[in-house]
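*Asks:* Residue numbers (this note's numbering): 976 to 1042.
Every residue, glycine too, gets a C-beta built ideally from N, C-alpha and C.
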Ligand SMILES: [Zn+2]
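1. Assuming residue 1033 is part of the alpha helix (DSSP H), what are its boundary residues?
2. Per DSSP, residue 986 forms a beta bridge with which residues?
3. Please tell me whether residue 985 and residue 1028 are closer than 9 Å, where the distance is taken between their beta carbons.
4. With burial defined as no fewer than 16 other Cβ atoms inside 10 Å of the residue's Cβ, what is the status of residue 992: buried or exposed?
5. Would residue 1052 and residue 983 qualify as a contact pair, given that the criterion is a beta-carbon distance under 9 Å?
Written out as structure tokens, the structure is:
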């Protein structure tokens, strides 16, 4: 996970960092820039699985793919 790598509309801006998610688990997150101009903090794991591809501007397209 290096700066400049693209996942869908997101481009990684910096190094991953650890933070707790809503379940209290430590997750590697990274700050990304979306092509719509938004900045979004995404989980590295979800980026790598292809589950996160935008800041949310694609959410209507992704919401039908399950979870
Ligand atoms: Zn966006």
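*Replies:* In terms of the structure at hand:
1. Careful: residue 1033 lies outside any alpha helix (DSSP H) and carries neither H nor E.
2. 981 and 1008
3. yes
4. exposed
5. Since the first residue shown for the chain is 976 and the last is 1042, residue 1052 is missing from the structure and cannot be characterised.
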